[in-house]
Amino acid sequence: MTDRPIPMNEDMVRALLEGRKTQTRRVINPQPYVDDMGNFRWNRRNFGQDSVGPKVQAIASPLPCSKTKHVLCRHGGVGDRFYVRETARVLAVRGGIREIDIEYQADGTIATVPYPSRLAPAPLGKCLANGTYREASRILLEIGDVRVERLQAISKDDALAEGLKGITKDGKLVKYGIPDRDGYPGTDNTGWAWDQWCVNPVDAYKNLWKSIYGHGSWDANPWVWRISFERIAS
């Protein structure tokens, strides 16, 4: 089993570390579509009219069948693992670049990690160019489920599982959003101001999606891979 890299920004890394994030959604490429006859089509394959709905999961199935053969989610299937690539700053080089001290930017944790000889020397004070590599990754995730759905079909529970945090200021009204590094609303780092937080977690996730993928990305309502995972010991 080969670990695959998955990049996560600082907000999502903190959500993983705190156990708030157990799902991720990734746009399917190429996009499936339903033709004029009602057939669900994807990647030059016709899954038939009975595939629209629960059977659409056939394109995410790790098992071969007469229609799908081995049509898999390119991000991985059940049991596959991701190592998380996050931003880290180089603090020191040790032992002729055999080891380096790094600071994970999500929460300020400092660690000494092996530095692979295949990579160019890491400049002091700079962030690793492409995020952490396998030896420096501190988060390992195992896929428990892969499904296919429209982006806007996300439920309130699934929106929370994408890493949102719920906060109340008066003990009654709970709002959902992305906290700053201190765990509270604010814009000192990459969190949201309190007036951007939403009572409905789906609305909060909508804003999160648009902040990542840009204007019009939510309204496009693309088909997405819904990947559920759990953090395991690395």
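Each residue of the sequence shown is one higher than the one before, starting from 21 at the first, in our numbering.
Think of the CB as a built atom: it goes at the ideal place given N, C-alpha and C, for glycine as much as any other residue.
Have a look at residue i and residue j and give me their C-alpha separation to the nearest angstrom.
i	j	result
Ser254	Asn59	43 Å
Gly197	Gly183	9 Å
Ile117	Val104	23 Å
Gly211	Gln69	44 Å
Asn29	Ser157	13 Å
Thr207	Met32	16 Å
Val133	Arg154	10 Å
Ile159	Asp55	41 Å
Trp238	Ser137	42 Å
Arg201	Phe67	45 Å
Gly164	Trp229	23 Å
Pro25	Leu193	38 Å
Cys85	Leu139	No answer about Cys85 holds up, because its pLDDT of 45 lies below 50 and its placement is not dependable.
Ser248	Met57	32 Å
Are the CB atoms of residue j and residue i within a distance shorter than 8 Å?
i	j	result
Glu162	Arg101	yes
Arg34	Asp127	yes
Trp214	Ala224	no
Val168	Val98	no
Val47	Val244	yes
Give the secondary structure of residue i by DSSP, where H, G and I count as helix, E and B as strand, and everything else as coil.
i	result
Leu4	Absent from the model: residue 4. The displayed extent of the chain is 21 to 254, so no value can be given.
Leu139	coil
Arg101	strand
Trp217	coil
Trp229	helix
Cys85	Low confidence applies here, because Cys85 scores a pLDDT of 45, under 50, leaving its location unreliable and the question unanswered by this model.
Ala131	strand
Leu171	helix
Gln51	coil
What is the C-beta distance between residue i and residue j, in whole angstroms, given that I count them as a contact (C-beta under 8 Å)?
i	j	result
Ala179	Pro242	The pair is not a contact, with the Cβ atoms about 16 Å apart (cut-off 8 Å).
Ile122	Val110	6 Å
Thr152	Glu106	6 Å
Using 7 Å as the cut-off, classify the Cβ of residue i as near or not near the heavy atoms of the ligand FMN, replying yes or no.
i	result
Asn49	In the structure on display, the ligand FMN does not appear, and there are no ligands present to speak of.
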